[in-house]
């Protein structure tokens, strides 16, 4: 196991004790693995990899963490896709704009209904 890679990740921490606890171990255990060469159990190594969001193989020189350039390229591709989808959504919204059906229910007596001037309009709508 390449403890140097673990050391680099661990040293970036502002609170090594809290991070150790989040991983599911103690600071002393992490210290012993990194600085004293203690053996790291597989389940703990999996927790460490999960916490740092790297594959387990990263600690065995099988894989490396993506460079900033790789991450930037992936983000740019994602932003382009998001913008494309936003445009598609806007086009769909524009295409579906039309009249909107509104139903209003009023509780009025006949006199109020006539005073509101709605009698003729309701008759026109009903006759259509």
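Numbering (our numbering), first residue to last: -10 to 117.
Think of the CB as a built atom: it goes at the ideal place given N, C-alpha and C, for glycine as much as any other residue.
Since the structure is predicted, the reported quantities are computational estimates derived from the model, not experimental observations.
Three or more Cβ pairs closer than 8 Å define a contact, and the region 27 to 39 meets that threshold against the region 7 to 19. For the pair residue -4 and residue 23, the CB atoms are nearer than the 8 Å cut-off.
When rounded, the separation of the alpha-carbon atoms in residue -8 and residue 25 is 10 Å. DSSP places residue 2 in the coil class of the three-state scheme, outside both helix and strand. In this structure, residue -10 and residue 40 do not form a Cβ contact; the two beta carbons are roughly 16 Å apart against a cut-off of 8 Å. Around the CB of residue 6, fewer than 16 other CB atoms lie within 10 Å, so the residue is classed as exposed. Note that the C-beta distance between residue 47 and residue -6 is below 8 Å. In this chain, the alpha helix (DSSP H) harbouring residue 39 covers 31 to 41.
The DSSP-derived three-state label of residue 45 is helix. Using a 10 angstroms sphere on the CB of residue 8, the tally of other CB atoms reaches 16 or more, which defines it as buried.
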